[in-house]
Amino acid sequence: MSSFSSGQSRLPNGHYTPKIVTTYLQKCKLTTIMDIQSSVHKASGQRLSSDERQREIVAAVLALARERGPDAITTQAIADRIGVTQGAIFRHFPHKEAIWMAVFAWVRESLGTLLATAVAQRQSPLAKIEAAFFAHVAFIATNPGVPRVLFHELQYPGDSPVRAEVQAMIAGYRERLTALFTEARTAGELPAALDTALAPVLFIGAVQGLVIESALAGNEDAMMARAQQMFPLLVHGYRGPQEA
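In terms of my numbering, the sequence shown has 144 at position 144, counting the first letter as 1, and numbering is strictly consecutive.
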């Protein structure tokens with residue numbers, strides 16, 4: 001039996017409610033910036049370790065990205081956010097690029113762990129794709145600064161270690177999705193003609209559409225409900241006219 005079975009409620013169409021996706025988040029250590037802030041807050045009054053301070057800085061960057069936008073994130077703004085001097089920031093990171101590297105490393109690890117946890121609880125390949133979709137949306141809804149810093153980094157031309165980290169993260173994510181779509185195609189849950197290398201592009205594009213919609217609305221409260229409406233459309237598109 002799935003470890004998520006207790007207390008699960010499902011909509012009539014069988015899709016996850018926000019409650020089950022919240023369970024995914026709770027199963028993964030430090031998956032949200034709130035988790036980071038909570039863990040650091042518990043240590044308040046004590047001298048933070050370098051690891052704790054670095055995680056606090058990562059959380060501050062993502063919070064500032066949501067509130068002000070990435071362009072407004074300076075080391076002074078980060079320092080003000082966590083109540084330390086600017087010099088204290090550089091005791092934990094040698095330069096600002098190292099901070100961005102830490103942010104994207106956290107995103108890669110946290111999202112990867114979340115997806116692995118979500119997918120492991122499902123049996124059929126298509127159900128795994130469904131779980132990955134809702135887990136991804138839940139991650140973005142609870143970490144709204146993430147897509148903002150990703151888009152910000154990718155909009156500038158040229159090469160840099162930070163851009164390379166982002167590209168590697170996205171490429172690795174697409175590979176994982178491609179494997180899921182290939183598995184679903186092999187199992188006959190999706191058409192044999194499905195382009196499994198292109199299918200993840202539509203998957204990621206759907207999530208990005210929800211991100212843009214939430215940005216226009218000014219909040220992320222409706223992302224999960226919209227995702228529940230969107231996923232059947234995605235599956236219909238993947239199956240194509242053969243299922244019409």
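Even for Gly, the Cβ is constructed at its ideal location relative to N, Cα and C.
The C-beta separation of residue 70 from residue 185 comes to about 38 Å, leaving the pair out of contact by the 8 Å criterion.
Residues of the same chain with a CB within less than 8 Å of the CB of residue 81, apart from the 5 flanking positions on each side, are 60, 63 and 64 in chain order. Straight through space, the alpha carbons of residue 98 and residue 106 are spaced by roughly 12 Å.
The DSSP-derived three-state label of residue 69 is coil. In the DSSP annotation of this structure, residue 218 is not part of any alpha helix (DSSP H), being labelled neither H nor E. The beta carbon of residue 240 lies closer than 7 Å to those of 191 in the same chain, with the five residues before and after it left out. For the pair residue 134 and residue 199, the CB atoms are not nearer than the 8 Å cut-off. The stretch 208 to 216 makes contact with the stretch 138 to 156, as at least three CB pairs between them are under 8 Å. Contact check between the stretch 155 to 175 and the stretch 102 to 120: three or more CB pairs, one atom from each, fall below 8 Å, which counts as touching. One thing to note: residue 100 has its Cβ within 8 Å of the Cβ of residue 162. Just so you know, the alpha carbons of residue 193 and residue 234 end up roughly 16 Å apart.
Look at residue 197 here: in three-state DSSP terms it is coil, with no helix or strand label. In the three-state DSSP reduction, residue 84 falls in the coil class, being neither helix nor strand. Annotation note: the stretch 154 to 178 contains no uninterrupted alpha helix (DSSP H) run of length 4 or greater.
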